[in-house]
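S.K.: Before we start, here is the structure in question, set down as C-alpha cells.
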DNA sequence: CTGACGATTCACT
DNA sequence: GTGAATCGTCAGC
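In our numbering, the protein residues as written are 21 to 230.
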C-alpha cells in the first residue's frame, strides 16, 4: 500500500461530465476488502456510458428494469451485472439520482493481493490476463452482481487516489468494445486507456486517438 | 411462459 | 480468425 491514500468522494462521482470522470479514473486504485482479503489494482482502461441518449447504454431511451435500476441512483454506487452466462462486469455509477450515467472498468494493473487474485481466478500464475478485461478483473477482485448497488463510500469496495498521476499525453481515447449493436453510437470515442500499458485489453483494431 | 441474446473469454484451427 | 460456453435478463406473447 502507498503511504497516503484518499478515497474518492461524492464530489468526484456526482459531476455531470461522464467522459471527464472516465478519464480521471485512469491511474486511480480500485480496492476491495472482501472475504478477508485486501486486493487492489490501478485502473488503466475505462468506458463511459452516457445515459438515456447513448444507444450502447443499458439505460438507453430511459429503460428501467430491475437490473438497471441502480444506474438511476446517485453517483458513487457500484453497478455490477452478469453477461454471457459467465462474466460479471463492474461499473461505477456517476452523476445524480435519475441520471443513469455509468463507467465500465475494463482493465487494471494489479497492485495489492496479487497472490489472492490468482487464487480467486483459478489461474496458474500471475499473467496479464489476471486483470485485463472487465470479466477478468471483476473476478480477480471478487466482484459479483451481489455487489450491485453497493456504495463506494464504504470500506468493502472503493476507488482511491494515491497521488499517482497519468501524464495527459499518455491518455488515449478509442471507440468502445463489443457495442456494435449501438449503431452510430458505437463510433463514439468513449473508451479511455493509458497508452502502452500492457494490461489494457483487446480491441487492438480500435484506433487510439491522442 | 418462452425464446433470443449479451458492455466476454478462452481454446482451438 | 472462429466458435463454444452458459444463464440471467428482457421483450413479447
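C-beta: ideal position from N, C-alpha, C; glycine also.
Using only alpha-carbon positions, find the residue among 180, 165, 166 that is nearest to residue 172.
M.R.: Among 180, 165, 166, the Cα nearest to that of residue 172 is on 180.
S.K.: Report yes if the CB atom of residue 38 is closer than 9 Å to the CB atom of residue 79, and no otherwise.
M.R.: For residue 38 and residue 79, no; Cβs fall outside 9 Å.
S.K.: If you drop the 5 nearest sequence neighbours on each side, which residues of the same chain put their C-beta closer than 8 Å to that of residue 81?
M.R.: The answer, listed in chain order, is 72.
S.K.: Counting beta carbon pairs with one atom in the stretch 191-208 and one in the stretch 160-176, are three or more of them shorter than 8 Å?
M.R.: Touching, no.
S.K.: Among 114, 203, 59, which has the Cα closest to the Cα of residue 33?
M.R.: When each option's Cα is compared against that of residue 33, the closest is 114.
S.K.: Could you give the residue range of the alpha helix (DSSP H) that holds residue 170?
M.R.: It is not in any alpha helix (DSSP H) - residue 170 carries neither H nor E in the DSSP assignment.
S.K.: What span of residues does the beta strand (DSSP E) with residue 125 cover, start to end?
M.R.: Counting along the chain, the beta strand (DSSP E) containing residue 125 begins and ends at 121-132.
S.K.: Give the secondary structure of residue 70 by DSSP, where H, G and I count as helix, E and B as strand, and everything else as coil.
M.R.: Three-state result, residue 70: strand.
S.K.: Per DSSP, what kind of secondary structure is residue 220 in: helix, strand or coil?
M.R.: Three-state result, residue 220: coil.
S.K.: Mind checking who residue 179 pairs with in its DSSP beta bridge?
M.R.: Residue 179 is bridged to 50.
S.K.: When you compare only the Cα positions, how much space is there between residue 58 and residue 36?
M.R.: Whole-angstrom Cα-Cα distance: 31 Å.
S.K.: Just grab the DSSP bridge partners of residue 112 for me.
M.R.: In the DSSP output, where bridge partners are listed per residue, residue 112 has 98, 123.
S.K.: Check whether the Cβ atoms of residue 129 and residue 201 sit closer than 9 Å, and answer yes or no.
M.R.: It is not a contact, given that the beta carbons lie outside the stated cut-off.
S.K.: Measuring alpha carbon to alpha carbon, tell me which of 153, 154, 136 ends up nearest residue 146.
M.R.: Nearest C-alpha to residue 146: 136.
S.K.: When you compare the stretch 24-31 with the stretch 148-164, are there three or more beta-carbon pairs, one atom per stretch, that lie closer than 8 Å?
M.R.: Result no; under three Cβ-Cβ pairs closer than 8 Å.
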